[in-house]
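Sequences listed follow chains E and F, in order. Using my numbering, you'd call the opening residue of the first sequence number 15 and step up by one each time. Using my numbering, you'd call the opening residue of the second sequence number 15 and step up by one each time. No residue lacks a Cβ here, since even glycine has one placed at the ideal position from N, Cα and C. All remarks here apply to the structure that follows.
Protein chains: 2
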Amino acid sequence: MNIKRIAELAGVSVATVSRVVNHPERVRDETREHVLSVMQQYNFTPNWFARSLNLESSNTIALLIPGIETDFFQQIISGVETVAGNKEYAVLFGQTNNYPTREAEFVDMMINRKVDGIIQVNSRLNGEETLLMQNLELPRVHIGKNRVCTSDTLCYVDIEEGARRMTRHLIELGHKIIMALFDEANSNTSEQAFAGINRALRDTGHTIIFSSAQAENSVRGGYLAVQRLIQSKSMPEALIAASDLQAIGAMKAARDAHINIPDDLALASLTDSAVCSVLSPALTALELPSKRLGMAAARMLIDQIEGTLPYVDMPHDLILQPKLKIRESCGNTQDIYEWFD
Amino acid sequence: MNIKRIAELAGVSVATVSRVVNHPERVRDETREHVLSVMQQYNFTPNWFARSLNLESSNTIALLIPGIETDFFQQIISGVETVAGNKEYAVLFGQTNNYPTREAEFVDMMINRKVDGIIQVNSRLNGEETLLMQNLELPRVHIGKNRVCTSDTLCYVDIEEGARRMTRHLIELGHKIIMALFDEANSNTSEQAFAGINRALRDTGHTIIFSSAQAENSVRGGYLAVQRLIQSKSMPEALIAASDLQAIGAMKAARDAHINIPDDLALASLTDSAVCSVLSPALTALELPSKRLGMAAARMLIDQIEGTLPYVDMPHDLILQPKLKIRESCGNTQDIYEWFD
DNA sequence: TGACGTTTTTTTATCGCTAAAGATTGAGGG
DNA sequence: CCCTCAATCTTTAGCGATAAAAAAACGTCA
């Protein structure tokens, strides 16, 4: 069923049918009603390819994201889809697995598919590909704190401030030897976390020994890291894990070695999820407003696409604040908050 | 940059450029090389819309899935993307949240976007929409055990057999009062599980009291369900949760009420994930070959699309077997397997 | 009545590509 | 030397929509 057939059946020209779809106000009421009824009767929707070929746009936005396995990313996806869906945009979805080449391939594909805009999460593109995009003037929003082009719009959670507050919390609880686990694959987030930790260390009067170790961001990574620390007899008093999954692994390794949490080791995680509150001890973690992050990014992108940018043409960033959920794993068992909200 | 411009630059006709892309064997070696070099130089890829408009196909497959929040679904997505990517298909992705209307909308959209095939996970469509698709003869594969059309190709994990083995395991450990938590939103899986449980109950010589309760498939759902059981003083000896998330919630509720797992209550989950092995006690769970499921479904779909079906035109199902991972939560602490592989 | 402006509709070029049909080329055979 | 045939290339008609330009319809007023 195509527009031509509908036009015949309705006894009008193709242009009229097209106008019923795209500029209904420029069609006489009577004609419009009639055409609409025929369209409905034959269940007609305009061919999307033909339409996009003409308009050079696809009513689609691309979402390039490292993966879907963490709660943080899932929430972002959910937020983006919610807003995009409401505004009648489809979401084309690319999993980059943190590989710049894969990301670049996706960008090429998205450009070829004439997406109206791109949201990139923790982008790893470097100058060259980015330059390409800059020339295209394709609206885009980055989720993450890495500005690759000066004109980029950024949208991120203030991990630095969160890490600062978490570290201060650990110091307040009396921990003097603190260590952070970081994942090289996500160097950007790590950098922010370090900045925050260092700020907390500087601000305190006490002398704190701080160190860090590389660990894969997964249950297994956390487990192996703590196992290594035990073997090398370099266990800290408090450990900051990069994610709740990593923290869960760390917890298991500690338990296997009869190290009590929080008595012998305080443990905190830079990301939160439903399981954190249910572990024993419940895991103190940073609650990131990840769904709101996705929603905000989508909104900003669509604003750019539709030219309804609230602040004229000046690039602007949006910074959301995380929330420290203090639970049991750092030693503060006095005041434990409700475990689900 | 378009095909016409490339043709000019290479000094050939548009048809030749098109043939270099689509039927390279029908172009003289010399010409082909030359055109390819020009294409490369100007970084040309054929406009996807124009191409698809002609071919009435998009080199895209649709994946309709209830959500992305569980490990099971994530693995399926990963498996589908892996196989599809290798065969140069893009994956268009729709989250149905278990709403039939939303699923039907997606199907409409996918049809309009001329996807070459559809993979539906736990489809909830009923007769009418399905009939529509049947008329279209669009290749499709269902993941899940619900055959909506007689011609459907199915692909699923044998939950029934897994549930049977899990129940037998619980009976062997001496549990006489068994209960299962199920989620109405996923009635199909529940049915299979019940069939398996009943089979195990029938096969045993002992007398077992079995019951079931409705609980949302989430951490919170599991927590609330067990809380309810405690209040109504109807706690069983062994509890089968619909998922690991639900089991985690159940665990928390039990702990809060000073019910010891596994001594006072055996707990097992019908899905496995990385956290299960790391909980304390480690959770006995059914390991579903979910990534392989996704890969198999994608392979079957692409076989259908490309007409390379190994078994001529006879619809056939693929049934994968799950694996019972016996850990600590059911009372068998003698032989605990390695917690990650 | 007819000139004029406004509203509504039709005609037609166009988007970029593919493939069928037609044209060109050169080799081989009578 | 001409004919045939295969290999290779070009011309051109769509694919299904949109929108600009042209045409028709209609009301207003001198």
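Starting from residue i, find everything on chain E with Cβ-Cβ shorter than 7 Å and list it in chain order.
i, result
"F/Ile262", "Val289 and Val292"
"F/Ser66", "Phe63"
Tell whether a beta-carbon distance below 7 Å holds between residue i and residue j.
i, j, result
"F/Gln241", "F/Ala199", "no"
"E/Asp122", "E/Ile75", "no"
"F/Val233", "E/Ile262", "no"
"F/Ala282", "F/Gly236", "no"
"E/Cys169", "E/Ala311", "yes"
"F/Cys290", "F/Asp270", "no"
"F/Thr285", "F/Phe87", "no"
"F/Ala256", "F/Asn231", "yes"
"E/Leu187", "E/Cys344", "yes"
"E/Leu307", "E/Leu279", "no"
"F/Ser225", "F/Met193", "yes"
"F/Ala207", "F/Ala177", "yes"
"E/Met314", "E/Thr167", "yes"
"E/Ile185", "E/Thr218", "yes"
"E/Ile133", "E/Leu77", "yes"
"E/Lys159", "E/Asn202", "yes"
"E/Arg341", "E/Leu300", "no"
"F/Val49", "F/Leu23", "no"
"F/Leu195", "F/Gln260", "yes"
Using a C-beta to C-beta distance shorter than 8 Å, which residues of chain E count as neighbours of residue i?
i, result
"F/Thr59", "Asp122 and Asn126"
"F/Ile91", "Ile82"
"F/Leu259", "Ala288 and Val289"
Using a Cβ cut-off of 7 Å, pull out every chain F residue sitting near residue i, in sequence order please.
i, result
"E/Arg269", "Ser294"
"E/Glu95", "Gln109"
"E/Val233", "Ala288, Val289 and Val292"
Output, in chain order, the set of chain F residues within a Cβ distance shorter than 9 Å of residue i.
i, result
"E/Met265", "Val292 and Ser294"
Could you tell me which chain E residues have their CB closer than 9 Å to the CB of residue i, listed as they occur along the chain?
i, result
"F/Phe107", "Val105, Leu106 and Phe107"
Listing by chain order, which chain F residues have their CB less than 8 Å from the CB of residue i?
i, result
"E/Gln88", "Ile82 and Glu83"
Which full runs of the beta strand (DSSP E) of 3+ residues lie inside the region 290 to 336 of chain F, going along the chain? 298 to 301 and 332 to 334
Counting Cβ pairs, one atom from each stretch, are 3 or more of them under 8 Å apart for the region 22 to 30 of chain F and the region 38 to 51 of chain F? yes
Complete alpha helix (DSSP H) runs within the region 47 to 126 of chain F (minimum length 4 residues, chain order): 62 to 69, 85 to 100 and 114 to 126
Segments assigned alpha helix (DSSP H), at least 4 residues, entirely inside the region 131 to 219 of chain E: 141 to 150, 173 to 186 and 201 to 217
Could you say if the region 92 to 102 of chain E and the region 111 to 120 of chain E meet the contact criterion of at least three C-beta pairs nearer than 8 Å? no
Can at least three beta-carbon pairs, one atom from the region 77 to 90 of chain E and one from the region 73 to 93 of chain F, be found at a separation below 8 Å? yes
Cβ pair count under 8 Å reaching 3, the region 175 to 195 of chain F against the region 209 to 218 of chain F: yes
Kindly confirm or deny that the region 56 to 68 of chain F and the region 16 to 24 of chain F touch, where touching means at least three C-beta pairs closer than 8 Å. yes
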